[in-house]
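Notes follow once the structure below has been shown.
Protein chains: 2
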Amino acid sequence: MESINQEKEDTLTGDCGEWIMPVKDALDALHGRWKIPIIIAVSFGSKRFNEIAREVPGITDKTLSKELKDLEVNQLVSRKVINSFPTRVEYAITDHGRSLKNVMIELRLWGRAHRAKIFE
Amino acid sequence: MESINQEKEDTLTGDCGEWIMPVKDALDALHGRWKIPIIIAVSFGSKRFNEIAREVPGITDKTLSKELKDLEVNQLVSRKVINSFPTRVEYAITDHGRSLKNVMIELRLWGRAHRAKIFE
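Chains A and B, in that order, are what the protein sequence lines are.
Quick note on this note's numbering: the first sequence kicks off at -1 and runs consecutively.
Quick note on this note's numbering: the second sequence kicks off at -1 and runs consecutively.
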């Protein structure tokens, strides 16, 4: 009896489709290895292209360029042209991007647990 | 002053790398559009290959087959051969897969908010 309750606590409730549909909407905006790390990088302050590239290990310039465009379309990151000389371009987190905070917190916790599990 | 506090509340704290590294570990196991929906599908009970394919809209057999293997390697889904005649294969959620529950909850909430935002 106890083990059944334990299992229930960790089990998703409701209808399978009611979970898959909104999660798929989220993943369509966030999918891949790069978008969330890029969002994290700009969460710590507006950054230029090369600054983001340095923060996100392993990303190529071509991929970063494509991912930034996708993130702009989904209103998660905004591109700001700063009227200096020479003109500077910076990428900033939007309010909608900030609303991912709880997703980040849970992914971070789980990422740590997963690393511990896989190397145990 | 108020708007600064508001911003702080929604901002990640600490060091950028301390967020990116564990989140990248998580995404290396979960990346793509398909893995999390597959995990959700088997969270609602063990399923055969074709049953999962029906629950996850748009997935091809080839992709599902590859994703299931990746999920097994990361100990998120287990493959059970059931000794019936004919032999049946079922895929089940593991305890480690169940530990993704909070990630799913936050992705579902955010997916709903994102859909509302993009169509607003």
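Using N, Cα and C, we set each Cβ at its ideal position, and we do this for glycine too.
Out of B:F117, B:V87, B:S82 and B:W108, which has the shortest C-alpha to C-alpha gap to B:V75?
Residue 75 of chain B sits at position 77 when you count from the first residue of the second sequence. Looking at the Cα atoms, B:V87 is the closest of the given residues.
Report the start-end ranges of each beta strand (DSSP E) in the region 71 to 105 of chain A that is 3 residues or longer and not cut off at the edges.
75 to 80 and 86 to 91
Per DSSP, cross-strand counterpart(s) of B:K45:
Against the second sequence, residue 45 of chain B aligns to sequence position 47. B:Y89.
Answer with yes or no whether the minimum CB distance from B:I50 to chain A is below 8 Å.
Locating residue 50 of chain B in the second sequence gives position 52, counting from the first residue. So no, B:I50 is outside the interface.
Give a yes or no on whether the C-beta atoms belonging to B:P66 and B:I36 are separated by under 8 Å.
If you number the second sequence from 1, residue 66 of chain B lands on position 68. If you number the second sequence from 1, residue 36 of chain B lands on position 38. The amino acid at residue 66 of chain B is misidentified as Pro; the sequence shows Leu. Yes; because the gap between Cβ atoms is below 8 Å, this pair is in contact.
Does chain B have any CB closer than 8 Å to the CB of A:Q4?
For the purposes of this step, residue 4 of chain A is taken as residue 6 along the first sequence, with counting starting at 1. Note that A:Q4 scores 45 on pLDDT, short of 50, meaning its location in the model is unreliable; the coordinates nonetheless yield the value given after this. Taking Cβ atoms only, chain B never reaches closer than 8 Å to A:Q4, which makes this a no.
Cα-Cα, which of A:K99, A:W108 and A:R31 is closest to A:F42?
Translated into positions along the first sequence, residue 42 of chain A becomes position 44. Minimum Cα distance to A:F42 is reached at A:K99.
I want to verify the contact list: residues of chain A whose CB lies under 7 Å from the CB of B:E118, in sequence order.
Within the second sequence, numbered from 1, the residue matching residue 118 of chain B stands at position 120. Per Cβ cutoff of 7 Å: no residues; B:E118 is ~10 Å from chain A at best.
Where A:L62 and A:V71 are concerned, what is the direct C-alpha to C-alpha distance, given to the nearest angstrom?
Indexing the first sequence from 1 puts residue 62 of chain A at position 64. Indexing the first sequence from 1 puts residue 71 of chain A at position 73. Their backbone Cα atoms lie some 14 Å apart in a straight line.
Using C-beta distances below 8 Å, list every residue in its chain close to B:W32, excluding the 5 sequence neighbours before and after it, in chain order.
Your numbering for residue 32 of chain B matches position 34 in the second sequence. Within the same chain, B:W32 has close Cβ partners V54, I57, T61, L62 and E65.
Nearest-angstrom Cα separation, counted from B:N48 out to B:N3:
Along the second sequence, one-based indexing puts residue 3 of chain B at 5. Along the second sequence, one-based indexing puts residue 48 of chain B at 50. Low local confidence applies: a pLDDT of 44 at B:N3 is under 50, so the model's placement there is unreliable, with the coordinate-based value given in what follows. If you take the alpha carbons of B:N3 and B:N48, they lie about 51 Å apart.
How about B:F47: is its C-beta nearer than 8 Å to some C-beta of chain A?
The count along the second sequence starts at 1 and reaches residue 47 of chain B at position 49. Chain A, which has no Cβ nearer than 8 Å to the Cβ of B:F47, makes this no.
Roughly how many angstroms separate the alpha carbons of B:S44 and B:K78, rounded to a whole number?
Position 46 of the second sequence holds residue 44 of chain B. Position 80 of the second sequence holds residue 78 of chain B. Distance between the alpha carbons of B:S44 and B:K78 is about 9 Å.
Coarse secondary structure for B:E0, derived from DSSP in three states
Start at 1 with the first residue of the second sequence, and residue 0 of chain B comes out as number 2. Bear in mind that the predicted position of B:E0 carries a pLDDT of just 40, short of 50, making it unreliable; the figure below should be weighed with that in mind. DSSP places B:E0 in helix when its eight states are reduced to three.
Chain A contact residues for B:I34, given Cβ-Cβ distances below 7 Å
Stepping through the second sequence from its first residue, residue 34 of chain B is reached at position 36. Under the 7 Å cutoff, chain A gives V21 and L25.
Check whether A:I34 and B:L69 have beta carbons under 8 Å apart
Mapped onto the first sequence, residue 34 of chain A falls at position 36. Mapped onto the second sequence, residue 69 of chain B falls at position 71. Not a contact, by the Cβ cut-off of 8 Å.
Which whole-angstrom value describes the C-beta separation of A:P20 and B:G30, a residue pair presumed to lie in contact below a C-beta threshold of 8 Å?
On the first sequence, residue 20 of chain A is found 22 positions in, with the first residue counted as 1. On the second sequence, residue 30 of chain B is found 32 positions in, with the first residue counted as 1. With a Cβ gap of about 17 Å, A:P20 and B:G30 do not count as contacting.
When DSSP labels each residue in this structure, what does A:W108 get in the three-state scheme?
Residue 108 of chain A sits at position 110 when you count from the first residue of the first sequence. In the structure shown, A:W108 sits in a helix (DSSP, three-state: H, G or I).
In the DSSP assignment, find the unbroken alpha helix (DSSP H) run with A:L10 in it and report its ends.
For this step, residue 10 of chain A is matched to residue 12 along the first sequence. Counting along the chain, A:L10 falls outside any alpha helix (DSSP H), and DSSP gives it neither H nor E.
Does the beta carbon of B:T92 come closer than 8 Å to any beta carbon on chain A?
To locate residue 92 of chain B, count along the second sequence from 1; it is residue 94. No, its Cβ sits nowhere closer than 8 Å to a Cβ of chain A.
Show which residues of chain A have a CB atom less than 8 Å away from the CB atom of B:R110.
Within the second sequence, the letter at position 112 stands for residue 110 of chain B. Correct list: P20 and D23.
When you compare the CB of A:K99 with every CB in chain B, is at least one pair closer than 8 Å?
Here residue 99 of chain A refers to the residue found at position 101 of the first sequence. Judged by the 8 Å Cβ criterion, A:K99 is in contact with chain B.
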